[in-house]
Structure formats: C-alpha cells, structure tokens
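Residues in the sequence shown are numbered consecutively from 1, following this note's numbering.
We treat Cβ as the ideally placed atom computed from N, Cα and C, and that holds for glycine.
Source: prediction; values computed, not measured.
Only one structure is covered here, and it is reproduced in the block below.
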Amino acid sequence: MNYDKNQIVTVEITDIGIDGEGIGKIDGFPFFIKDAIVGDVVEAKVTKAKKTYAYARVEKVITPSLFRVEPKCAFHRQCGGCQIQAMDYGKQLEFKQQKVRNNLIRIGGFEADFIDSIMEPVVGMDNPYFYRNKAQYPVGKNKEGELIAGFYAGRTHSIIANTQCYLGVEDNKPILETILAHMKKFGIESYDEETGKGVVRHILIRKGFHSGEIMVCLVVNVPDLGADLDKALRGKEELIAALCQFEGMTSISVNQNIRRDNVIMGIQCRTLWGKDRITDTLGGISFEISPLSFYQVNPVQTQKLYGLAVEYANLTGKEVVWDLYCGIGTISLYMAQKAGRVCGVEIIPQAIEDAKANAARNGFTNTEFFVGKAEEVLPSYYEVKMKENKDDAMLHPDVICVDPPRKGCDTACLDTMLKMAPSRIVYVSCDSATLARDLKILCDGGYALKRVRAVDQFPHTTHVESVVLLSKEM
Ligand code: SAH
1 MNYDKNQIVT VEITDIGIDG EGIGKIDGFP FFIKDAIVGD VVEAKVTKAK
51 KTYAYARVEK VITPSLFRVE PKCAFHRQCG GCQIQAMDYG KQLEFKQQKV
101 RNNLIRIGGF EADFIDSIME PVVGMDNPYF YRNKAQYPVG KNKEGELIAG
151 FYAGRTHSII ANTQCYLGVE DNKPILETIL AHMKKFGIES YDEETGKGVV
201 RHILIRKGFH SGEIMVCLVV NVPDLGADLD KALRGKEELI AALCQFEGMT
251 SISVNQNIRR DNVIMGIQCR TLWGKDRITD TLGGISFEIS PLSFYQVNPV
301 QTQKLYGLAV EYANLTGKEV VWDLYCGIGT ISLYMAQKAG RVCGVEIIPQ
351 AIEDAKANAA RNGFTNTEFF VGKAEEVLPS YYEVKMKENK DDAMLHPDVI
401 CVDPPRKGCD TACLDTMLKM APSRIVYVSC DSATLARDLK ILCDGGYALK
451 RVRAVDQFPH TTHVESVVLL SKEM
C-alpha cells in the first residue's frame, strides 16, 4: 500500500512509540502519529510517507481514548517541551515503565520473565506539575513585531509567546512579565538570531525548592559586561528595584553570550544585585547554584532517585565508593553520608570546583574529586596504583556508582570497572537504551542484574530515569 503526503487517514491507535507518539496500523501498515494517544481513533494527515511506514499528525480526534486528558497547557502541541501532556499521568508512568523494560529485553538481552520478576514499580510524582526548579525562556518578537518571551515551537527556532509553563514554578510568570514590561518601557531590544543584533536572548530563572531562593539571569548579547552592559540595559536600577520585590529574590545577574549559535549561556556572568549564587538543600545537604551550574531540575524526584541509589549501594559506613560522572557531587555527597570514602569524577572543571566547595561547606572530610573523563581518569588511576600500591583502597572499591549522560559509559570505563571488581555497581541512567547496552557488557563481565527501578523525573515528556543494581557473581 502506498500513502501520499497530506493524505488523510483514519486510524485506531494501538500502541505508543518511543517518542510518545501514537502508533496505529491500516492493513498492517504502521503510522506514527504525533499527539495521538493509545486508544484514540483519529483522523490524521500524512506528513511523510515511506514504503513500509508513515508519519502523520492528528487532524481530528474522532473517538478519544480513555487515557486522553485535557492538558493544562494550551500550547502542548506546538511546544517542544512536553510530548505527552494529553496522556493520563498513570498511563505516562506505565509507558515509561514499559520503555525501560523493553530496552532491557531488546537491547540488554535479558529474559522478559526475569526482568518482570525483578523490576520494581516506576516512581511517579504526586503532583506532576510545577516541578522544574529551572526555566529558560527565549526572548524575541512575534509576527507583529511585539516583544515576547515563550518557548521554541518543536524543532524550530520560532518563539511562541507563553509565560505560563505548567512544568515550571508559578513565580516565573510575573517575573517574566516584569522584565518584558521593562524592556518595552525602555526600548531594550530582544536578540535577533538572523542578524545577531539586539540585547536580551534568554531569561533564566532558578528557584531553590527547599530554600525558596530565586535567581534571575538575563542572557545578553553585549560586547562586554561593564560599560556596554550599562548602556544596553537601560533603566537597570529600575528593573532591579522591580525584581527584588519578588519574595525569595536572592540573585539578579547577567550572562554574556555573543555566540551566533544555539548555545544558551556564555561563560561570563556579572551579578547586578544580591548574591552570585542561590543555595538549596537536597536530602539535608546544601548546594550552591550559580547561573552556570548543573543542578537536577526536579528536586522532588531527584531526592527519590538518589535515595534509591544510596539504598541500592547498601552502605554501612565503611565502604569505599567511586561516583563517576558526578557533576557538582550530588550523588557523591548523598553516598558520603553513609560511606567510608567517596571519590567523584567529572569532566567539567567548574562542576568539580562546586563539588569540592559543596563537600567542604557541608563538613565532609571523606570525599575527593577528580577532573577528567571517567574513561581516562579511572583507567589511569588503575594502572598507576597497580604499579605503585596494589593495596590502595580506591583500587578495590565496594561500590562504583555511575550517572553518565545519554550516550552512556565508554567501554574503557566499563572495562576498568570490571577490573576493579566492586561488589556492587549502581547505574543511574537517563537513557535506558544505552543503559541496556552497558548492562550487557557488565553482566558478560561477571555481574548479575539484581534490581531495576524507573523514576519519573520529567512528567509530560518521554524522558525517564532509571536506577539499577548489579552484584558481582561469586
Ligand atoms: N550525578 C550528577 C550529574 C549527572 S549528569 C547529578 O546527578 O547531579 C552527567 C554528568 O557527566 C555531567 O555533569 C557531565 O558534565 C558529565 N560528563 C559527561 N561526559 C563525561 C565523561 N566522559 N567523564 C566524566 N564526566 C562526564
């Protein structure tokens, strides 16, 4: 059967694709339909037709699925942020559980019965809205030339005006509106990607959920953050006066970004008012967060995730632990509360500076941090110590915890982990496909998969985190 672009088809949605799209078949020919919910019957327009499958988008929902809900956000279809806001939250969780399960079976090569016998129920949120502690709004103009802040329409760089994102905190909207009103009053231009002209590119807002502290950072296109900024950000004092009225306001800063690409933040910041950083606590440990720091965006779920990682590590107070891909040392410090000694490894030097400062401020004396790639630091540590001191404690860790980016662990890292032969490996993952690939290598190397649990860090999106425990087979 051949389908053509723009053809209208009527399809019953019977499955969910990995990107949250609905899948339905006509005479065995599959359609991948954005915004369709499993259980819907939809009229869809073909957007791309291939020989054996086609992509389409919903034109009309003919019979709504039982799992279809009224999304809070009017822009959920256009926005690149949420993919499955129209899906009942319970169904979202089931989808995420299945995504992890299926990757472990399909890519990891584990038996379905085995996975079903060990996999624990996905950890969802009680209130899956307003969960993000960080928001980055692009600033630009609409077709009428009016100044707007909002979000990029999926896969594009056109901005749709919307200051009310239901994933972010409710403080964001009035803060954004205050800044936009100020820009209009003083004729401060938004940045134009086409010409590279204009001043304000993005507005970053962060809030410490525990501390209530708020940080606002304007990302600006100015040649320098001294006199040029003062000239470009007209009425600066008035803007600051307006922003510091907000409860919790702790830090107001600018970040210079003169790049002509998609990178949101530059490297230079200048604090205009208040502190350089905000503080927040996670599991009783305080963290200082600068505009540039990496910090998990969903603090409620992060605590659950790290709690599981510590539980899986089964610490009694004496253990020696590596925390690879440690960022600002969040997991390291969680572990250090219950372990003998923890060594963190992270590629970004600034994050390691933050990790050390976080450890010191919280009074930890049993942590150490190394800058570098996990796949270089760990193997070279191993080689050096094997020559110098075979009894070195970090050479024989009890636990290695990893929390790599989406691409997973490098094989050089996995190989050294196998050589170091810890009793337990705790793998925290934001991509269950690379997780499954790496688990296969670790299990072939003598480990057994013991526990798996998915944690929903990002409700309404298709992302899912997982935490896994592997034990060394004796
Ligand atoms: N565990 C931390 C950070 C996890 S995100 C937390 O939960 O906060 C993954 C981290 O891995 C990022 O900080 C990233 O900078 C770092 N990273 C990416 N590639 C790396 C590599 N090859 N070696 C070490 N760290 C790396």
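Q) Sorted by chain position, which residues of the same chain lie with C-beta nearer than 6 Å to Ser211's C-beta, five sequence neighbours on each side aside? A) Excluding sequence positions up to five before and after Ser211, its CB lies within less than 6 Å of the CB of Thr279, Asp280, all in the same chain and listed in chain order.
Q: Answer yes or no: the CB of Tyr325 versus the heavy atoms of ligand 1, is any distance below 7 Å?
A: Tyr325: yes, Cβ under 7 Å from ligand 1.
Q: Would you mind sorting Val219 into buried or exposed? The rule is 16 or more other CB atoms within 10 Å of its CB.
A: Only buried fits Val219, as 16 or more other CB atoms lie within 10 angstroms of its CB.
Q. Between which two residues does the beta strand (DSSP E) containing Pro121 stretch?
A. 119 to 123 is the span of the beta strand (DSSP E), which, as asked, contains Pro121.
Q: Would you list, in sequence order, the uninterrupted alpha helix (DSSP H) runs of no fewer than 4 residues that lie entirely inside the stretch 151 to 234?
A: If one requires a minimum length of 4 residues, the alpha helix (DSSP H) runs lying completely within the stretch 151 to 234 are 172 to 186, 227 to 232, in chain order.
Q. Can you tell me where the beta strand (DSSP E) with Phe294 in it begins and where it stops?
A. Here Phe294 belongs to no beta strand (DSSP E), and DSSP marks it neither H nor E.
(Q) Please tell me whether, using a cut-off of 7 Å, the distance from the CB of Phe209 to the nearest non-hydrogen atom of ligand 1 is below it. (A) Outside the cutoff, so no.
Q. Within 10 angstroms of its Cβ, does Asp398 collect 16 or more other Cβ (buried), or is it exposed?
A. Asp398 is classed as buried because its beta carbon has at least 16 other beta carbons within 10 Å across all chains shown.
**Q.** Bridge-paired residues (DSSP) for Phe31
**A.** Answer by DSSP bridge pairing, in chain order: Gly24, Ala54.
Q) Mapping DSSP to helix, strand and coil, what is Thr302? A) DSSP, reduced to helix, strand and coil, places Thr302 within a helical segment of the structure shown.
Q: Specify, as a first and last residue, the run of the alpha helix (DSSP H) that Val377 falls within.
A: First-last of the alpha helix (DSSP H) with Val377: 374 to 388.
Q) Of the residues Asn255, Lys440, Ser432, Ala448, which one's Cα is nearest the Cα of Gln98? A) When C-alpha distances from Gln98 are compared across Asn255, Lys440, Ser432, Ala448, the shortest belongs to Ser432.
**Q.** beta-carbon Thr438 near ligand 1 non-hydrogen atom, thresh 7 Å
**A.** For clarity, residue 438 is Asp in the given sequence; the question names Thr instead. Because no heavy atom of ligand 1 lies under 7 Å away, the Cβ of Asp438 does not count as near it: no.
Q.
Report the start-end ranges of each alpha helix (DSSP H) in the stretch 306 to 355 that is 4 residues or longer and not cut off at the edges.
A. Fully enclosed alpha helix (DSSP H) runs of no fewer than 4 residues occupy 330 to 336 of the stretch 306 to 355, in order along the chain.
Q) Under 8 Å between the Cβ atoms of Ala86 and Arg68? A) Taking 8 Å as the cut-off, the beta carbon of Ala86 is found closer than this to the beta carbon of Arg68.
Q. What is the DSSP secondary structure of Met87, counted as helix, strand or coil?
A. In this structure, Met87 counts as strand in the three-state DSSP scheme.
Q.
Does the stretch 30 to 40 come into contact with the stretch 58 to 67, if we say contact requires no fewer than three beta-carbon pairs (one atom in each stretch) closer than 8 Å?
A. Because the criterion of three Cβ pairs below 8 Å is met, the stretch 30 to 40 and the stretch 58 to 67 touch.
Q. Taking DSSP as the reference, what is the three-state secondary structure of Phe246?
A. Phe246 sits in coil when the DSSP states are folded into three classes, being neither helix nor strand.
(Q) If contacts are defined as beta-carbon pairs under 8 Å, then Ser190 and Gly140 qualify, I think. What distance do you get, rounded to the angstrom? (A) That pair is a contact at about 5 Å.
Q) Is there contact between the stretch 261 to 273 and the stretch 325 to 344, where contact requires at least three CB pairs shorter than 8 Å? A) The stretch 261 to 273 vs the stretch 325 to 344: no contact.
Q.
Could you check whether the Cβ of Lys72 sits closer than 7 Å to any heavy atom belonging to ligand 1?
A. No, ligand 1 has no heavy atom inside 7 Å of this Cβ.
Q) Which ranges would you report for the beta strand (DSSP E) in the stretch 387 to 451 if only whole runs of at least 3 residues count? A) Fully enclosed beta strand (DSSP E) runs of 3 or longer: 399 to 402, 424 to 429.
Q: Grab the span of the beta strand (DSSP E) containing Glu473 for me, first residue to last.
A: Going by DSSP, Glu473 is part of no beta strand (DSSP E) at all; its letter is neither H nor E.
Q: Taking Asn477 as the reference, give the member of Gln268, Met420, Ile13 with the closest Cα.
A: The structure shown does not extend to residue 477, since the chain is modelled only from 1 to 474, so the question has no answer here.
(Q) Taking the straight line between their C-alpha atoms, what separation do you get for Val310 and Gly317? (A) Computed Cα separation, rounded: 12 Å.
Q) Given Phe186, which residues of its chain have a CB within under 6 Å of its CB, disregarding the five upstream and five downstream residues? A) Correct list, in chain order: Arg234, Gly235.
Q: Kindly indicate which three-state DSSP category Ile240 falls into: helix, strand or coil?
A: Note: Ile240 maps to helix in three-state DSSP.
Q) Under 7 Å from any heavy atom of ligand 1, does the C-beta of Ala351 make it? A) Ligand 1 approaches Ala351 closely enough that one of its heavy atoms is under 7 Å from the residue's Cβ.
Q | Among Leu449, Tyr152, Leu239, Phe151, nearest to Met183 - alpha-carbon criterion | A | Minimum Cα distance to Met183 is reached at Leu239.
**Q.** Leu324 beta carbon less than 8 Å from that of Cys244
**A.** No.
Q. Roughly how far, in whole angstroms, is the beta-carbon of Arg277 from the beta-carbon of Glu288, given that I think they are within contact range, below 8 Å?
A. For Arg277 against Glu288, the beta-carbon gap comes to about 4 Å, under 8 Å, which counts as contact.
Q.
Can you determine whether any heavy atom of ligand 1 sits closer than 7 Å to the C-beta of Asn311, and answer yes or no?
A. Going by the sequence as given, residue 311 is Glu instead of Asn. Of the heavy atoms belonging to ligand 1, none sits nearer than 7 Å to the Cβ of Glu311.
Q.
Assuming contact is defined by CB atoms lying nearer than 8 Å, are Gly124 and Tyr166 in contact in what I supplied?
A. In this structure, Gly124 keeps its C-beta atom at 8 Å or more from the C-beta atom of Tyr166.
Q.
Output needed for Trp273: all residues of its chain with C-beta closer than 7 Å, excluding positions within five of it in sequence on either side, in chain order.
A. These residues qualify, in order along the chain: Ile240, Cys244, Ile252.
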